[in-house]
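Each residue of the sequence shown is one higher than the one before, counting from 161 in the working numbering.
Yeah, the Cβ is synthetic: ideal placement off N, Cα and C, and Gly gets one too.
The structure displayed is predicted, hence computed values, not measured ones.
Notes follow once the structure below has been shown.
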Amino acid sequence: MKSWVYFGAILGAVLFALDVLWIDPSTGFGTAFVEAVGGLSDSHEVTLLLLVLIFATVHSGLESLRASGEKLIGERAFRVLFAGSSLPLAVSTIVYFINHRYDGTQLWQVQSVPGIHQFVWISSFISFLFLYPSTFNLLEVAAVDKPELHMWETGIIRITRHPQMVGRCSGAWLTKFGLETRLL
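As structure tokens, then:
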């Protein structure tokens, strides 16, 4: 129970810092960052692609440096550095996507289909139900508890650390493939 209280305190502090240092336009750097990236192109699609590439480079780049970084500064400090770098970039990318989701050509135009909004929320909820039983201990992820090695012998977590993303991409591909074969 003590670890969860500690986790709650850390989460509150991190969210407060994220708001002050990144999200809030009057004090944070997030708006300036997105405007700088957006200034590279007039196209919202190119801007979103650049934001995704920046996030992926930082996220994957730091992950590739994990072994040497943990030796240099320790496991918990590296996790804090990793999260402190990845989280603001992920927030900016997701918010930019949401703000510009109807710009340009759309692959699926289903906003007006009755029940689609509820379907997306329910499918997201179900995907989280499948995700959480197989994830690592959240207290380890947040660097509250000492990280331990977990060997998964079965399930999607054995293949990828991002099972929700893999499932959604597979579902999108299957839907697209089914639509194409139906049209043929």
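Output needed for G229: all residues of its chain with C-beta closer than 6 Å, excluding positions within five of it in sequence on either side, in chain order.
To locate residue 229, count along the sequence shown from 1; it is residue 69. Contacts found: F238.
Using only alpha-carbon positions, find the residue among H277, H260, Y166 that is nearest to L211.
As a working note, residue 211 is residue 51 in the sequence shown. Among H277, H260, Y166, the Cα nearest to that of L211 is on H260.
What separation, rounded to the nearest whole angstrom, lies between the Cα atoms of S284 and S245?
By one-based count along the sequence shown, residue 284 stands at place 124. By one-based count along the sequence shown, residue 245 stands at place 85. Going by the C-alpha atoms only, they are around 26 Å apart.
Use the C-beta contact count for F242: other C-beta atoms within 10 angstroms, 16 or more gives buried, fewer gives exposed.
Working through the sequence shown from its first residue, we reach residue 242 at position 82. Taking a 10 Å sphere around the C-beta of F242, we find 16 or more other C-beta atoms and assign the residue as buried.
Would you grab the beta carbon distance between F176 and S252 for me? Rounded to a whole angstrom, and I think it's under 8 Å.
Indexing the sequence shown from 1 puts residue 176 at position 16. Indexing the sequence shown from 1 puts residue 252 at position 92. Incorrect: roughly 18 Å between the Cβ atoms, too far for contact.
Do you know whose CA, among L178, R226, E205, lies nearest Y262's CA?
Your numbering for residue 262 matches position 102 in the sequence shown. Nearest in C-alpha terms to Y262, of all of L178, R226, E205, is E205.
To the nearest angstrom, how far is the alpha carbon of V218 from that of W164?
Here residue 218 corresponds to residue number 58 of the sequence shown, with the count starting at 1. Here residue 164 corresponds to residue number 4 of the sequence shown, with the count starting at 1. Straight-line Cα distance between these residues: approximately 29 Å.
Through-space distance from F215 to L209, alpha-carbon basis
By one-based count along the sequence shown, residue 209 stands at place 49. By one-based count along the sequence shown, residue 215 stands at place 55. Distance between the alpha carbons of L209 and F215 is about 10 Å.
Just to confirm the assignment, what range does the alpha helix (DSSP H) spanning P248 have?
Start at 1 with the first residue of the sequence shown, and residue 248 comes out as number 88. Counting along the chain, the alpha helix (DSSP H) containing P248 begins and ends at 235–259.
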